[in-house]
Structures are given as structure tokens and as C-alpha cells.
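Numbering (our numbering), first residue to last: 6 to 281. Notes to accompany the following structure.
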Amino acid sequence: MLLVTGVSGALGSLVAERLAGRDDVVLGTRAGLPGTRRLDFDAPGTLPEAFAGVDTLLLISAGYGEDDTVVARHEAAISAAERAGVRHVVYTSLSGDGDHLTYALAHRWTERRLRRSPTLDWTILRNGLYAEFLTWIAVPDADNRITGPLGEGRLAAVAREDLAEIAASVATDPAAHRNRVYELVGERALGGADLAAALGATYAPGTFADTRAAIAASGALPFQVPMLASTYSAIAHGFMDGTGVESDLRALLGGREPLDALEVFVKAARESQAVS
């Protein structure tokens with residue numbers, strides 16, 4: 006039996022769509038919605054029942070929070086999996102070129118914890134940043150300018166749909182991926198000028214200081230300010246363009262061409278602008 010966590014989130018919901026109708030798959034949600042098992046990492050008492058009869062766990066990162074919060078969630082999940090007799094954990098981590106991001110620590114801690122498990126086999130899917138995420142950090146303002154401080158840097162963004170397809174494929178055949186680490190970054194690195202041109206906007210990057218102040222003033226939670234600021238900085242300084250890792254994306258997609266990250270960004274940006 007495969008248990009998929011985080012199916013109320015963007016990536017998890019796409020994985021769940023791909024596995025719908027299978028009688029060897031169960032889904033976990035914090036609220037225990039109809040047709041799912043209640044699985045709340047902040048309430049470890051829910052985990053033994055959620056993990057009962059599970060052979061493979063697709064652990065979609067519970068990364069929304071401070072490091073100590075995220076680490077505690079992942080520790081609770083992995084320890085419960087060990088006690089329940091789960092044999093294999095597939096974990097959605099962060100790409101290897103992302104170590105300069107403030108939110109990398111919890112991912113690397115979780116990877117290390119899995120490697121040190123005395124009972125679990127594991128597979129680590131090191132996901133690149135989503136093309137859809139660019140709509141958070143590089144959308145035109147009221148003057149039709151993208152001012153996010155990306156400098157001349159580029160991001161090897163990857164479509165969330167592709168990552169969901171890979172996660173579903175690996176989790177349903179985990180033995181073929183035992184104790185493997187896969188780097189899943191995009192094949193086309195996008196810069197601020199590319200994004201602006203695709204939207205008919207101009208690119209006029211601001212400063213890190215002004216951007217940090219704007220994030221703080223936007224109502225962002227305290228941990229989100231350094232998270233977003235470090236993302237801008239890592240991209241601007243050339244750490245996220247895909248040259249630092251050898252991507253397994255195409256291979257795990259069965260050899261097909263990945264979805265075009267720029268097209269995915271444009272579609273998501275248009276939808277975001279229509280809503281706002």
C-alpha cells in the first residue's frame with residue numbers, strides 16, 4: 006500500500022490526480038477529508054493509524070514553517086513510518102543547487118535522517134523551483150514592470166506537472182529507485198528579461214533592500230521574508246541556473262521533453278492577473 010501525504014497542497018493534489026482510482030493507494034490530509042486518512046504531522050498521535058498497512062510512503066515536504074517546525078514534522082513522520090513497518094520512503098526535497106536558500110536546511114536534514122534510518126529504504130527527489138513559483142517573485146506591477154531583483158541571473162525552473170508525474174511514477178515502483186538521489190531541475194534557464202518579454206512587460210530589477218522591505222510590508226510571515234529574499238539572491242548570483250547539477254528530469258519522464266517552463270510561467274501569470 007502506498008500512502009501519499011500533502012494531497013491538499015499544489016504538488017500533492019497533482020500526484021493524487023495521477024493515482025486516482027487505484028486500490029493500492031491511500032491519501033493523507035491534515036483534516037482527514039472524505040476518502041482520505043487523517044495525517045497531521047503536528048499531531049503525531051494521528052500517524053500510527055494513518056500509516057497502518059503502508060509499505061511505501063510518499064513524503065511530500067511539509068516545508069511551510071520555521072526550520073524547527075519543519076524538522077519536527079519530518080522527524081515525526083519518519084519515526085512513525087519506522088515504527089509502522091513502512092519499507093520505503095520517497096521524499097520530495099530541494100535541488101542540489103539550492104543550498105544557498107534559507108529553506109534548504111530542513112530538506113538536507115531530512116535527507117540525512119532517511120539515510121541514517123536503520124530500517125527504511127529511501128528515494129530522494131530533489132525538485133527544482135517551480136515555474137509557477139515565478140509568479141510570486143516576477144510578475145509585472147501596475148506599471149507593467151517586473152522589478153524583482155533577479156539581476157542577470159537565471160532559474161532552471163521546472164513545471165509542477167512534471168514533478169508530480171515523476172513522484173507518482175517513482176512511488177508506485179520504489180524498488181527500481183532504491184537509495185537513489187535524483188536531481189530534477191529544468192532544461193531551460195529563465196531570466197528576468199525572458200519573463201518580461203513573454204508577458205509584454207519591461208524588466209527593471211530593484212534592489213535587495215527595497216524588495217526585502219516590500220516583502221515585510223506585504224503581510225508575509227516572518228520566516229517568509231528571508232525565504233523569498235534568499236531566493237532572489239541565489240538566482241541573481243547564478244546559483245540556480247542548472248549548471249551546477251546534472252538533471253535526471255528527462256530520464257524520469259521516460260525520455261519525453263519536459264514541459265516548457267516559460268509557457269507554464271506565462272499561463273500561471275495570466276491566471277494570477279485575471280484573478281487579481
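By construction, the Cβ of each residue, glycine as well, lies at the ideal position given by its N, Cα and C atoms. Just so it is clear, the structure is predicted and the values come from calculations on it, not from any experiment.
- C-alpha of L24 to C-alpha of L7: approximately 10 Å in a straight line.
- Between the region 140-151 and the region 191-205 there are three or more inter-stretch CB-CB distances shorter than 8 Å, so the stretches are counted as touching.
- Linking L134 to D28 through their CA atoms gives a straight-line distance of about 32 Å.
- The alpha helix (DSSP H) runs lying completely inside the region 96-152 and spanning 4 residues or more are 109-120 and 139-142, given in chain order.
- Within the same chain, Cβ atoms closer than 7 Å to the Cβ of G14 are found at I65, the five residues on either side in sequence being excluded.
- Three or more Cβ pairs closer than 8 Å define a contact, and the region 26-42 falls short of that threshold against the region 76-89.
- Between the region 64-78 and the region 105-122, the count of Cβ pairs shorter than 8 Å is three or higher; the stretches touch.
- Restricting attention to G249, G58, L63 and V59, the CA atom closest to the CA of S18 is found in L63.
- Check the Cα spacing between S98 and each of L168, L226 and A273: the tightest is with L168.
- For the set R193, D47, R185 and P179, the Cα lying nearest the Cα of L264 is the one of R193.
- In the DSSP assignment, T74 falls within the alpha helix (DSSP H) that extends over D72 to A89.
- In the DSSP assignment, H93 is bridged to T61 and D126.
- In summary, P210 is buried, with 16 or more beta-carbon neighbours lying within 10 Å of its beta-carbon over all protein chains present.
- Under the Cβ criterion (8 Å, minimum of three pairs), the region 116-131 does not count as touching the region 139-149.
- Under a 10 Å Cβ-count criterion, G196 is classified as buried, with 16 or more other Cβ atoms of the shown protein chains found around its own Cβ.
- Residue pairing by DSSP places L195 opposite L160 in a beta bridge.
- According to DSSP, T207 shares a beta bridge with R150.
- Rounded to whole angstroms, the separation of the alpha carbons of A57 and F244 is 41 Å.
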